[in-house]
Amino acid sequence: MPAFSDYSATASANTTIAGLSCAENSTSMASVNNQLREAFANGRQLYDMVIAFGTPVTVAGAAFTGNITRSGYGGYYCANDSSFTAPRIYSLVDGSPAPTSPPNGSLTVYYAA
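Per my numbering, the very first residue in the sequence shown carries number 60; after that it's consecutive.
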């Protein structure tokens, strides 16, 4: 079964649905039912994929399980204590002074220049 991803964003390039022609003046009324059914099935596939993404994380936060990673960027920094509400990661040149009053749970990394 084709999916929405198989269709073109250019409307005129979409000439078949479910293997049946939908070009101008070439679609019989009998095939319209099958084409509509195919389009509805594709819509349901898309709906199922979107629902599978789950609930998005909002500004209010969320609970996570498993290994949470950002595509191509490594893991998320999460504090191990709920009282650490705004921890930061400081990346400083070796010999720099320590951050003054960093939030609880913060991490400071020094590197050679």
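The C-beta atom is built at its ideal place from N, Cα and C for all residues, glycine as well.
Please read these numbers as outputs of a predicted model, since none were measured by experiment.
So, at 6 Å on beta carbons, what are the nonlocal neighbours of residue i in its own chain, with the 5 sequence-adjacent residues on each side left out?
{"i": "residue 145", "result": "162"}
{"i": "residue 151", "result": "169"}
Are there 16 or more other CB atoms within 10 angstroms of the CB of residue i, so buried, or fewer, so exposed?
{"i": "residue 76", "result": "buried"}
{"i": "residue 101", "result": "buried"}
For residue i and residue j, which I take to be in contact (beta-carbon distance under 8 Å), what is that distance rounded to the nearest angstrom?
{"i": "residue 45", "j": "residue 167", "result": "Since the first residue of the chain shown is 60 and the last is 172, residue 45 is not available in this structure."}
{"i": "residue 164", "j": "residue 140", "result": "6 Å"}
{"i": "residue 79", "j": "residue 94", "result": "6 Å"}
Can you list, in chain order, the residues of its chain with a C-beta nearer than 7 Å to that of residue i? Leave out the 5 residues immediately preceding and following it.
{"i": "residue 98", "result": "76"}
{"i": "residue 90", "result": "79"}
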